[in-house]
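Asker: I have a structure here, written as structure tokens, and I will follow up with some questions on it.
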Amino acid sequence: MMLLRLISWPYARKHGFRWLLTIAGIVLGVAVFVGMHTANQSVLAAFQQTIDRIAGKAQLQVTAGEPGFDEGVLDKVRSLPEVSAAAPVIEATVSAGGTNLLILGVDMLGDRSLRTYDLENSEDGIDDPLVFLAQPDSLMVSKTLADRKGLTIGSRLPLDTMAGQEVFIVRGIMQPGGLAGAFGGDLAVMDIYAAEKMFGRGKRFDRVDLALKEGVSLDEGEEKLKASLGPGFQVEPPSSRGQQFEATSRVYAIASDITSLFALFIGMFIIYNTFAIAVTQRRAEIGILRALGATRAQIRTLFLAESALTGLAGTALGIVAGLALARAMAGYIGSLLQDVYGVAQGAGEITLDPKLALAAGAMGVLTSLVAAVIPARNAARVDPVKALQKGQYQSLSEGENRARRRWAIACVCASLVALGFGRIGVVLYAGFLLAVLAAVLLSPAVTLWLARAIRPVLAKVRPVEGTLAADSLIQAPRRTSGTVAALMLSLALVVSLGGLARASYDAIAEWMHVSLNLDLLVTPVENLTNRTFVLPESLGAGLRAIPGVADVQMVRGVRIQVNGSPVMLLAADHGALMRFSHQPLVAGHPARMLEQTLAGAGAIASENFVTLHGAKLGDSVEIPSPSGMLHMRIAGVVRDFTDQQGTLFISRDAYVRAWNDTGITSFGIFLKPGFSAPGVRQAILNAFSAKSRIFVMTNAEVRGYIDRLTNQWFGLTYVQIAVAVLVAILGIVNALTVSITDRRRELGVLQAVGGLRWQIRHTIWMEAAAIGVIGLALGLGLGAVQLYYSVQVTQRDIIGIDLGYAYPFGIAFGLLPVILGAAWLAALGPGEQAVRGSLVEALEYE
Amino acid sequence: MISLKGVSKQFDGARKVTALDRIDLEICRGELVAIVGPSGSGKSTLLNLIGGLDRATSGEVVLDGSALSQLSDDELTRIRRDKIGFIFQFFNLLPTLSCLENVSLPLHLRGWPRKKTAERARELLELVKLDARMDHLPDELSGGERQRVAIARALSVYPPVLLADEPTGNLDSVTGLEILDLIHDLHQRLGSTVLVVTHDAGVAESCARTIHIRDGRVFEDVTK
Numbered sequence: 001m002m003l004l005r006l007i008s009w010p011y012a013r014k015h016g017f018r019w020l021l022t023i024a025g026i027v028l029g030v031a032v033f034v035g036m037h038t039a040n041q042s043v044l045a046a047f048q049q050t051i052d053r054i055a056g057k058a059q060l061q062v063t064a065g066e067p068g069f070d071e072g073v074l075d076k077v078r079s080l081p082e083v084s085a086a087a088p089v090i091e092a093t094v095s096a097g098g099t100n101l102l103i104l105g106v107d108m109l110g111d112r113s114l115r116t117y118d119l120e121n122s123e124d125g126i127d128d129p130l131v132f133l134a135q136p137d138s139l140m141v142s143k144t145l146a147d148r149k150g151l152t153i154g155s156r157l158p159l160d161t162m163a164g165q166e167v168f169i170v171r172g173i174m175q176p177g178g179l180a181g182a183f184g185g186d187l188a189v190m191d192i193y194a195a196e197k198m199f200g201r202g203k204r205f206d207r208v209d210l211a212l213k214e215g216v217s218l219d220e221g222e223e224k225l226k227a228s229l230g231p232g233f234q235v236e237p238p239s240s241r242g243q244q245f246e247a248t249s250r251v252y253a254i255a256s257d258i259t260s261l262f263a264l265f266i267g268m269f270i271i272y273n274t275f276a277i278a279v280t281q282r283r284a285e286i287g288i289l290r291a292l293g294a295t296r297a298q299i300r301t302l303f304l305a306e307s308a309l310t311g312l313a314g315t316a317l318g319i320v321a322g323l324a325l326a327r328a329m330a331g332y333i334g335s336l337l338q339d340v341y342g343v344a345q346g347a348g349e350i351t352l353d354p355k356l357a358l359a360a361g362a363m364g365v366l367t368s369l370v371a372a373v374i375p376a377r378n379a380a381r382v383d384p385v386k387a388l389q390k391g392q393y394q395s396l397s398e399g400e401n402r403a404r405r406r407w408a409i410a411c412v413c414a415s416l417v418a419l420g421f422g423r424i425g426v427v428l429y430a431g432f433l434l435a436v437l438a439a440v441l442l443s444p445a446v447t448l449w450l451a452r453a454i455r456p457v458l459a460k461v462r463p464v465e466g467t468l469a470a471d472s473l474i475q476a477p478r479r480t481s482g483t484v485a486a487l488m489l490s491l492a493l494v495v496s497l498g499g500l501a502r503a504s505y506d507a508i509a510e511w512m513h514v515s516l517n518l519d520l521l522v523t524p525v526e527n528l529t530n531r532t533f534v535l536p537e538s539l540g541a542g543l544r545a546i547p548g549v550a551d552v553q554m555v556r557g558v559r560i561q562v563n564g565s566p567v568m569l570l571a572a573d574h575g576a577l578m579r580f581s582h583q584p585l586v587a588g589h590p591a592r593m594l595e596q597t598l599a600g601a602g603a604i605a606s607e608n609f610v611t612l613h614g615a616k617l618g619d620s621v622e623i624p625s626p627s628g629m630l631h632m633r634i635a636g637v638v639r640d641f642t643d644q645q646g647t648l649f650i651s652r653d654a655y656v657r658a659w660n661d662t663g664i665t666s667f668g669i670f671l672k673p674g675f676s677a678p679g680v681r682q683a684i685l686n687a688f689s690a691k692s693r694i695f696v697m698t699n700a701e702v703r704g705y706i707d708r709l710t711n712q713w714f715g716l717t718y719v720q721i722a723v724a725v726l727v728a729i730l731g732i733v734n735a736l737t738v739s740i741t742d743r744r745r746e747l748g749v750l751q752a753v754g755g756l757r758w759q760i761r762h763t764i765w766m767e768a769a770a771i772g773v774i775g776l777a778l779g780l781g782l783g784a785v786q787l788y789y790s791v792q793v794t795q796r797d798i799i800g801i802d803l804g805y806a807y808p809f810g811i812a813f814g815l816l817p818v819i820l821g822a823a824w825l826a827a828l829g830p831g832e833q834a835v836r837g838s839l840v841e842a843l844e845y846e
Numbered sequence: 001m002i003s004l005k006g007v008s009k010q011f012d013g014a015r016k017v018t019a020l021d022r023i024d025l026e027i028c029r030g031e032l033v034a035i036v037g038p039s040g041s042g043k044s045t046l047l048n049l050i051g052g053l054d055r056a057t058s059g060e061v062v063l064d065g066s067a068l069s070q071l072s073d074d075e076l077t078r079i080r081r082d083k084i085g086f087i088f089q090f091f092n093l094l095p096t097l098s099c100l101e102n103v104s105l106p107l108h109l110r111g112w113p114r115k116k117t118a119e120r121a122r123e124l125l126e127l128v129k130l131d132a133r134m135d136h137l138p139d140e141l142s143g144g145e146r147q148r149v150a151i152a153r154a155l156s157v158y159p160p161v162l163l164a165d166e167p168t169g170n171l172d173s174v175t176g177l178e179i180l181d182l183i184h185d186l187h188q189r190l191g192s193t194v195l196v197v198t199h200d201a202g203v204a205e206s207c208a209r210t211i212h213i214r215d216g217r218v219f220e221d222v223t224k
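Protein chains in written order, with this note's numbering: chain V, 1 to 846; chain W, 1 to 224.
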């Protein structure tokens with residue numbers, strides 16, 4: 001502790017800016033980790049809170065995926081002796097006046113045994129459920145919503161329904177807390193039969209909430225209900241819905257974890273760099289300490305303690321920054337989850353989870369300690385006699401370099417061997433890590449080699465500035481190797497993410513070309529992911545009668561659980577199945593798979609379904625439905641991007657038979673030659689919009705919507721890229737700040753013999769540019785390898801689709817100006833620092 | 001050529017230190033002047049002010065008609081570049097550049113064409129008798145050879161003023177004498193005004209004029 005105060009503290013104070021930069025690496029990593037997790041947790045907690053508040057006293061819930069089930073199931077549930085109370089529910093979100101509103105359709109007769117409606121100022125006998133039932137336009141709203149929208153008892157609230165906009169009357173206001181606090185208070189309760197009509201559900205409920213009789217355990221009740229209802233129903237406690245929500249947004253959670261871990265990993269190199277430089281600069285100090293009797297262990301502990309404190313400070317600041325980031329991101333994440341997964345849920349209160357804080361602390365300190373292990377070991381090995389001699393000691397010793405090269409070659413060999421066993425997950429990941437490790441180990445040697453190679457080029461551009469810039473890199477590999485490694489890793493991440501994004505865009509474009517070749521799409525909602533509203537089958541006949549319509553294809557999309565995981569089920573009629581069967585084929589025979597699917601014996605599976613479920617062509621899939629478990633053979637596998645969790649295409653006839661649901665979520669319309677899409681769209685709207693809630697999108701609008709969704713999803717990728725580039729810039733600033741301190745005398749000489757300020761600045765800028773170019777060269781190389789592994793991992797464990805390997809040359813070329821620009825920006829501060837200050841002191845600087 | 005009027009220099013710190021106190025001096029074109037005095041007397045500070053490496057707290061330094069306090073940093077640099085050559089005690093050569101590159105440095109900074117720069121650098125290295133060492137790095141040279149390179153660099157544009165701060169202070173006596181001879185030789189051949197800060201009585205003896213500095217003031221100014 002005394003050594004920390006006497007030795008470390010004065011050094012940290014003297015090099016305050018550099019320590020701030022070092023800490024910045026940890027701050028950024030921890031901030032992204034805490035920010036993304038807190039924002040995720042906030043959305044998840046709000047969702048869980050909504051579930052809890054809505055659940056009331058319900059112990060179990062009976063569901064059958066998004067399509068719900070016939071009203072008759074309620075009687076079956078109620079007839080069980082173990083059940084004390086059961087109430088049906090329809091739950092959906094609608095947009096009302098720019099905000100999302102959760103509508104809960106309940107049966108007021110039976111619901112009060114499960115939920116408490118704490119009403120204030122109730123009038124018109126709203127406490128009497130029969131009155132509520134007798135007036136289907138009744139609505140109970142939360143106090144929060146009433147205050148926000150200025151609603152009182154008797155207020156009229158227009159809401160979109162399947163039959164167009166209808167006015168509902170506020171007949172009750174629920175006191176804050178309990179049920180009224182669900183969905184952030186944006187809650188309205190209506191009669192369940194009014195809700196069926198409003199959302200076009202027919203005679204179907206979303207679920208049944210129930211309480212068990214005293215003395216009946218949850219397991220017992222669950223078992224009895226499952227036995228009675230059959231395998232097509234899920235009987236689970238309300239809390240399990242939170243797990244389903246988590247499972248649905250799994251890909252997003254993985255992507256955000258990768259971002260924060262990578263930021264920390266790159267931050268580790270900045271810390272390594274700083275400590276490696278500090279050991280070099282403080283050799284004399286270490287020499288004196290050793291001469292005065294400090295043991296090697298004391299020196300090593302001193303540096304490790306410094307790094308632990310650095311990590312702790314970075315973590316503390318990172319947590320604060322992370323909470324701010326979470327506040328900024330929560331809204332974005334909420335809308336992303338709604339748009340991509342169709343689950344509407346705003347963010348709740350942003351609070352720091354103590355477990356998350358502990359995990360962040362451990363990560364920050366551990367990262368810092370790991371980064372300082374090698375520099376601390378080198379510090380402990382400093383020879384006191386040599387250390388007390390004047391002169392620079394910068395270059396890596398040949399022995400150290402040789403050892404690194406040997407380790408790098410070993411890693412490359414092991415990585416190549418691992419490639420041969422790529423099918424095994426652990427081996428694939430190990431191969432990936434070994435390849436990255438090899439690149440990191442080789443980076444100092446390659447940096448040196450490249451710096452020597454570009455010296456003549458830089459000298460040609462500017463004889464003095466260019467030569468000195470290159471020499472600075474050649475003479476001080478410790479100073480630059482960590483920065484170059486950080487830059488290399490950042491740019492490799494950019495290349496691999498960019499390559500994945502490019503491949504995804506290309507694959508989605510190809511998919512849209514085949515499966516979205518319709519002229520118009522008729523839906524009950526303004527987007528393609530919300531399945532709250534359902535159109536009646538009868539609309540199909542009406543659409544066929546519109547002049548210019550050649551064909552109408554009907555699709556019902558619902559999310560169900562297959563093998564415990566959420567899966568999209570697309571029930572398509574003959575025409576739509578033909579269209580889907582023409583998607584890029586992965587396995588199977590197009591004609592045979594269509595034939596089997598139309599016959600109701602098989603299902604067409606998306607590529608990601610078979611990968612994520614470990615299935616293959618010909619396997620039997622068990623699809624739970626209210627009429628029992630459907631056993632369908634995988635008749636074919638196609639590349640499809642409808643859902644990240646996988647999609648099954650089945651015949652609509654089979655769906656209607658099993659679910660007894662004739663609702664439609666989209667009508668695909670093909671036009672006769674000579675008819676324009678805008679003209680027919682207007683004709684459809686004229687014919688139906690007054691009677692029914694419909695939206696008509698042209699092909700271009702559908703593609704535009706999917707493009708927007710894809711862009712929104714890759715928004716996260718851009719965040720990852722921004723974090724990577726930011727960390728790399730921090731690295732360059734760090735290296736240059738050290739460089740101008742180390743070269744203070746050299747820069748002073750340059751000014752003394754006539755170097756003008758701009759010439760000094762140019763030297764620093766060229767050094768930054770050289771670091772940028774070397775980092776870019778290494779990053780583009782490692783990016784090529786990383787992209788290969790990213791494609792494998794993405795296919796195997798994330799989206800289950802083989803996107804193919806295509807090096808993003810456009811991004812690679814585009815990175816050159818970005819990195820040179822970033823390097824220039826990073827060099828501005830150090831460049832100014834270099835031309836200021838006393839020339840006399842600079843010339844006397846040792 | 002060089003004129004100092006009431007020049008003072010104070011260093012601000014925990015305690016204010018007056019390094020130079022109201023110095024008045026006139027040095028004519030072509031003079032060879034030794035500035036001597038004990039450690040901390042202010043002789044190096046005086047050289048730094050004359051060379052435009054530092055600025056006076058008060059008073060005025062005029063070099064070849066230019067009042068240095070009136071100049072911006074870049075204008076001051078141009079004065080250093082075109083009119084002054086520096087020779088430092090610790091040579092201050094750039095370790096990564098060869099002898100030829102070190103000597104070429106000021107010429108490149110002036111934007112001279114490469115060919116002309118190389119010709120002049122070779123000519124200067126021949127002048128200091130280092131034509132066989134042109135491609136060597138400073139680390140590969142002896143102390144005396146390094147100082148010769150530093151002198152060649154200082155002479156790169158044949159400046160009218162040559163400032164040397166303890167040019168023999170880091171050399172053994174024999175090499176010191178060689179360097180001193182070289183400075184005298186160049187002074188005679190090139191006619192530059194030369195100011196040499198030194199501790200060495202022998203060096204001071206060899207100069208036509210000796211200025212003694214003590215406690216930041218001119219204690220004695222002797223011309224032979």
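Ideal Cβ placement from N, Cα and C applies to all residues, glycine included.
Here the structure is a predicted model, which is why all the values come from computation and not from measurement.
1) Quick one: which chain W residues come within Cβ less than 7 Å of V/Ala752?
2) Would you say the segment 153–165 of chain W touches the segment 114–127 of chain W, given that touching needs at least three Cβ pairs under 8 Å?
3) If you draw a straight line from the C-alpha of W/Gly191 to the C-alpha of W/Val7, how long is it?
4) Just to confirm my understanding: we take V/Ser620, look at its own chain, exclude 5 residues before and 5 after, and list those with CB closer than 6 Å. What are they?
5) Given a threshold of 16 other Cβ atoms within 10 Å of its Cβ, counted over all protein chains shown, does V/Gly391 qualify as buried or as exposed?
6) Taking a contact to mean a Cβ-Cβ separation below 8 Å, would you say V/Thr698 touches V/Pro673 in this structure?
7) Can the beta-carbon of V/Ile169 be found less than 8 Å from the beta-carbon of V/Lys143?
8) Using a Cβ cut-off of 9 Å, pull out every chain V residue sitting near W/Asp74, in sequence order please.
9) In terms of alpha-carbon separation, which member of V/Arg657, V/Phe533 and V/Arg559 lies closest to V/Ser95?
10) For V/Lys224, I'd like the list of residues in its chain whose CB is within less than 7 Å of its CB, leaving aside the five on either flank, ordered along the chain.
11) In terms of DSSP beta bridges, what is V/Ser95 paired with?
12) For V/Gly68 versus V/Arg201, is the C-beta distance shorter than 8 Å?
13) To which residues does DSSP link W/Lys5 through a beta bridge?
14) Just the C-alpha distance for V/Ala728 and V/Ile409, rounded to the nearest angstrom, thanks.
15) Is there at least one Cβ from chain V nearer than 8 Å to W/His108's Cβ?
16) If contact means a Cβ-Cβ distance below 9 Å, which residues of the segment 733–752 of chain V contact chain W?
17) Can you tell me whether V/Gly646 is helix, strand or coil according to DSSP?
18) Taking 8 Å as the CB-CB limit, is V/Gln475 close to chain W?
19) Compare the Cα-Cα distances from W/Asp135 to each of W/Gln70, W/Phe88, W/Val149 and W/Val17 and report the closest residue.
20) Going by beta carbon distance, what residues of the same chain come within less than 7 Å of V/Leu780, once the five residues before and after it are set aside?
21) Can you give, in chain order, each stretch of the beta strand (DSSP E) that sits fully within the segment 13–67 of chain V and has at least 3 residues?
22) What does the Cβ neighbour count give for W/Lys115, buried or exposed, with the cut at 16 atoms within 10 Å?
23) Counting contacts by CB-CB distance shorter than 8 Å, is W/Leu141 in contact with chain V?
24) Reducing DSSP to helix, strand and coil, say where V/Arg544 ends up.
25) What do you reckon, are the CB atoms on V/Ala648 and V/Val586 nearer than 8 Å?
Answerer: From the atom records:
1) Those are Leu53, Arg80 and Phe86, listed as they occur along chain W.
2) Contact holds: three or more Cβ-Cβ distances are below 8 Å.
3) One Cα belongs to W/Gly191, the other to W/Val7, and the distance between them is close to 27 Å.
4) Cβ within range, chain order: His631 and Arg633.
5) Reliability fails at V/Gly391, whose pLDDT of 47 lies under 50, so the model's placement of it is uncertain and no value is given.
6) No, the Cβ-Cβ distance between V/Thr698 and V/Pro673 is not below 8 Å.
7) No.
8) Chain V residues near W/Asp74: Leu756, Arg757 and Trp758.
9) Measuring from the Cα of V/Ser95, the nearest candidate turns out to be V/Phe533.
10) Answer for V/Lys224: Leu80 and Glu82, listed in chain order.
11) Paired residue(s): V/Asn100.
12) In this structure, V/Arg201 lies closer than 8 Å to V/Gly68 by Cβ.
13) W/Glu60.
14) One alpha carbon belongs to V/Ala728, the other to V/Ile409, and they sit about 26 Å apart.
15) Residue contact check for W/His108 against chain V: a CB pair falls below 8 Å.
16) For the segment 733–752 of chain V, the residues whose beta carbon sits under 9 Å from a beta carbon of chain W are, in order, Arg745, Glu746, Gly748, Val749, Leu750, Gln751 and Ala752.
17) Of the three classes helix, strand and coil, the one that applies to V/Gly646 here is coil, per DSSP.
18) For V/Gln475, a Cβ of chain W is located within less than 8 Å of the residue's own Cβ.
19) It is W/Val149 whose Cα lies nearest to the Cα of W/Asp135.
20) Excluding the 5 residues flanking it on each side, V/Leu780 has same chain C-beta neighbours closer than 7 Å at Leu491, Val495 and Ala812, in chain order.
21) The qualifying runs are 60–63.
22) By the 10 Å Cβ count, W/Lys115 comes out exposed.
23) Taking Cβ atoms only, chain V never reaches closer than 8 Å to W/Leu141, which makes this a no.
24) Collapsing the DSSP output to three states places V/Arg544 in a helix.
25) First, the residue type needs correcting, since residue 648 of chain V is Leu and not Ala in the sequence shown. A distance of 8 Å or more separates the beta carbons of V/Leu648 and V/Val586.
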